[in-house]
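Number of protein chains: 2
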Amino acid sequence: MLVTRLAAATTASALAQRLREAIDAGQWRPGELLRQEQIAAEYGVSRIPVREALAQLQNEGLLDVAHYRGARVSRPRAEEIDELFDLRLMVEGDLLVRALRQHDPRSLRELKRLQDALEDAEDRLGWISGDIAFHEALYGPAGRPRSLALFRQLRAPIDRFSVQALGPGTRKQGWADEHRQLIAAVAAGDAITARTILEDHLQATRAVVLAACAEQGES
Amino acid sequence: MLVTRLAAATTASALAQRLREAIDAGQWRPGELLRQEQIAAEYGVSRIPVREALAQLQNEGLLDVAHYRGARVSRPRAEEIDELFDLRLMVEGDLLVRALRQHDPRSLRELKRLQDALEDAEDRLGWISGDIAFHEALYGPAGRPRSLALFRQLRAPIDRFSVQALGPGTRKQGWADEHRQLIAAVAAGDAITARTILEDHLQATRAVVLAACAEQGES
DNA sequence: CATAGGATAATTGTATCCAAAATTTTCCCG
DNA sequence: CGGGAAAATTTTGGATACAATTATCCTATG
Chain X
168 MLVTRLAAAT TASALAQRLR EAIDAGQWRP GELLRQEQIA AEYGVSRIPV
218 REALAQLQNE GLLDVAHYRG ARVSRPRAEE IDELFDLRLM VEGDLLVRAL
268 RQHDPRSLRE LKRLQDALED AEDRLGWISG DIAFHEALYG PAGRPRSLAL
318 FRQLRAPIDR FSVQALGPGT RKQGWADEHR QLIAAVAAGD AITARTILED
368 HLQATRAVVL AACAEQGES
Chain F
168 MLVTRLAAAT TASALAQRLR EAIDAGQWRP GELLRQEQIA AEYGVSRIPV
218 REALAQLQNE GLLDVAHYRG ARVSRPRAEE IDELFDLRLM VEGDLLVRAL
268 RQHDPRSLRE LKRLQDALED AEDRLGWISG DIAFHEALYG PAGRPRSLAL
318 FRQLRAPIDR FSVQALGPGT RKQGWADEHR QLIAAVAAGD AITARTILED
368 HLQATRAVVL AACAEQGES
């Protein structure tokens, strides 16, 4: 994957990015307390950018922050995850149909390229960021910036569990197949089929994520 | 309205609230630059809570913040407002239908009470906060916290223009009528009618907001 | 022995101060 | 007189220092 991660403009945003990855990677478990001082020392910065990063992650739904009481990795309940998937079905379904009309040979080539890169990714984090890139390229031609931002926002609290569920010998092959079917349907301009495939894709993901969430909830 | 605004736990959140109201009230115009030092002096605090409040408002989509270049009141383009209303139609439509099944005499009484309070509100800001309260009570019984949060988020960048469009002798009466029709349809358990009324309500609001936005865009 | 109360420590929120970047002004040269 | 480079000013981002709040632990008491 040749995506060069451009240097963050500010310390706070760079921190937010690294903390996001750390949470996705399971470095902090749900319910665990993130101490400002500790994070500041670990990354060699002061507490000010740490606070801004934590506020950012709270806004994304990855943390629960209470006044004077610290930030904890959020532990979404099964009903909330279910709800997030219902919202994704609405938003992404709409985006897909709108984007489908705007796709052209160039954007389709890009989509295939991203899918190839995705299947070559070796580690779990690479897989997830590749999946995000694929879907953004899929929905991008719709020209709907707020919906696209919403798509990212609805995924953020969920991806953590997807990463967990991506052990070796899991649903990886079916996932890739569904992506390729999506590309084919979009190339054919078949909105109904494309939307059906996407919905099945999301329903399958929902089941996997709910299972991973339930598993983690036991600890 | 007997809602006592509880004192904010922290300076930053109190500031965010006041700035939000100031922007909704048109105290700052779209594109205008918000200086940290000036706001800090105005409210008698240091720049740290100001920065956190500005970051919060940026997350809510009311401000555009550029690195080392200050925060400006966002000036959403017409297409983005259009997009936000499309999203509201999806999310609020879904919420309404789900809530409709859960409403009971008690929640309906509360809804009527809020509508009465709304019609008694004298100033524009009171009208808007009353409208938010009404819709939250309308959707609340659905038991969908993330969707409700999304509802608030989708309104935030728009309400500013609604306030503008609420001069005397405007659509206020039609607005109230639609609310009462909504209550009646929900009380009757008629999902189809309720959803239709809500969609008309939102479409009418969309037109008003787009007009206000276009008017402001000229300056 | 369990528990309420209070001192103490740990942690967060805010103010003050310094560094980096951007904007404005000034000044020189064409 | 106009244009552009460079210095000065302004403004933001980050570090250090202090105050406010919460959590912990110890003791005294029923």
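Chains as they are written, first to last, in the numbering used here: chain X, 168 to 386; chain F, 168 to 386. Backbone N, C-alpha and C fix where the C-beta goes; we use that ideal spot for every residue, glycine too. These figures come from a predicted structure and were not determined experimentally.
| Asked | Found |
| --- | --- |
| Beta-carbon neighbours of Ser-314/X, restricted to chain F and to distances below 7 angstroms | Glu-250 and Leu-254 |
| Asp-287/X - DSSP class collapsed to helix/strand/coil | helix |
| Residue-chain proximity (Ile-215/X, chain F), Cβ-Cβ < 9 angstroms | yes |
| First through last residue of the alpha helix (DSSP H) which encompasses Leu-229/X | Here Leu-229/X belongs to no alpha helix (DSSP H), and DSSP marks it neither H nor E. |
| CB contact flag (Asp-231/F, Val-240/F, <9 angstroms) | yes |
| Counted within 10 angstroms of its Cβ, other Cβ atoms place Pro-312/F as buried (16 or more) or exposed | exposed |
| Ser-213/F, buried or exposed, once every other Cβ within 10 Å from all chains shown has been counted against 16 | exposed |
| Residues that Val-240/F bridges to, as DSSP identifies them | Leu-230/F |
| Partner residues on chain F for His-234/X, Cβ-Cβ distance less than 7 angstroms | Ala-176 and Thr-177 |
| Selected residue, minimal CA-CA separation from Met-257/X, among Phe-318/X, Leu-349/X, Arg-187/X and Asp-191/X | Phe-318/X |
| CB contact below 9 angstroms: Asp-261/F versus chain X | yes |
| Val-258/X at chain F interface by Cβ criterion, 9 angstroms | yes |
| Cα-Cα separation, Lys-339/F to Leu-333/F | 7 angstroms |
| Residue interval of the alpha helix (DSSP H) (run including Tyr-210/F) | 203 to 210 |
| Arg-172/X classed as buried or exposed, judged by whether at least 16 other C-beta atoms fall within 10 angstroms | Any reading at Arg-172/X must be qualified, since the residue scores a pLDDT of 38, below 50, and its modelled position is unreliable; no value is offered. |
| Collapsed DSSP secondary structure at Leu-333/X in the structure displayed | coil |
| Partner residues on chain X for Leu-317/F, Cβ-Cβ distance less than 9 angstroms | Leu-254, Leu-317, Gln-320 and Leu-321 |
| For Leu-221/F and Leu-200/F, believed in contact at Cβ under 8 angstroms, the rounded distance | Actually they are not in contact, since the Cβ atoms of Leu-200/F and Leu-221/F sit about 11 angstroms apart, beyond 8 angstroms. |
| Between the CA atoms of Ala-176/F and Ala-233/X - distance to the nearest angstrom | 10 angstroms |
| Residue-level contact to chain X via CB, Arg-327/F, 9 angstroms cutoff | no |
| Nearest residue (CA-CA) to Glu-259/F, options Ala-358/F, Ala-245/F and Ala-343/F | Ala-358/F |
| Proximity test, Cβ basis, 9 angstroms: Gln-184/F and chain X | no |
| Counted within 10 angstroms of its Cβ, other Cβ atoms place Asp-326/X as buried (16 or more) or exposed | buried |
| Where the region 280 to 312 of chain X meets chain F: residues whose CB sits under 9 angstroms from a CB there | Gly-310, Arg-311 and Pro-312 |
| Min CB distance Gln-203/X to chain F below 9 angstroms | no |
| Contacts around Leu-169/F, its chain only, beta-carbon distance under 7 angstroms, and the 5 residues preceding and following it disregarded | Because Leu-169/F carries a pLDDT of 27, less than 50, the predicted location of this residue cannot be relied on, and the following value inherits that uncertainty. The answer is none, since no qualifying residue turns up. |
| Cβ neighbours of Ala-266/F in the same chain (closer than 6 angstroms, five flanking residues each side left out) | Tyr-306, Pro-308 and Ala-309 |
| First and last residue of the uninterrupted alpha helix (DSSP H) at Gly-260/F | 245 to 269 |
| Cβ-Cβ distance between His-270/F and Phe-301/F below 9 angstroms | no |
| Nearest residue (CA-CA) to Leu-254/X, options Leu-262/X, Leu-321/X, Asn-226/X and Gly-193/X | Leu-321/X |
| Bridge partners - Leu-200/X, DSSP secondary structure assignment | Arg-239/X |
| Nonlocal neighbours in the same chain, by C-beta distance under 6 angstroms from Val-330/X, ignoring five residues either side | Asp-191, Arg-291 and Ile-295 |
| Rounded separation between Ile-299/F and Ala-238/F - CA only | 26 angstroms |
| Unbroken alpha helix (DSSP H) run spanning Ala-343/X, endpoints | 339 to 355 |
| Contact set for Ala-354/X: own chain, Cβ-Cβ below 6 angstroms, skip 5 residues either direction | Leu-275 |
| Residues of its chain near Leu-186/X, where Cβ-Cβ distance is below 7 angstroms and the 5 sequence neighbours each way are ignored | Ala-220 and Leu-224 |
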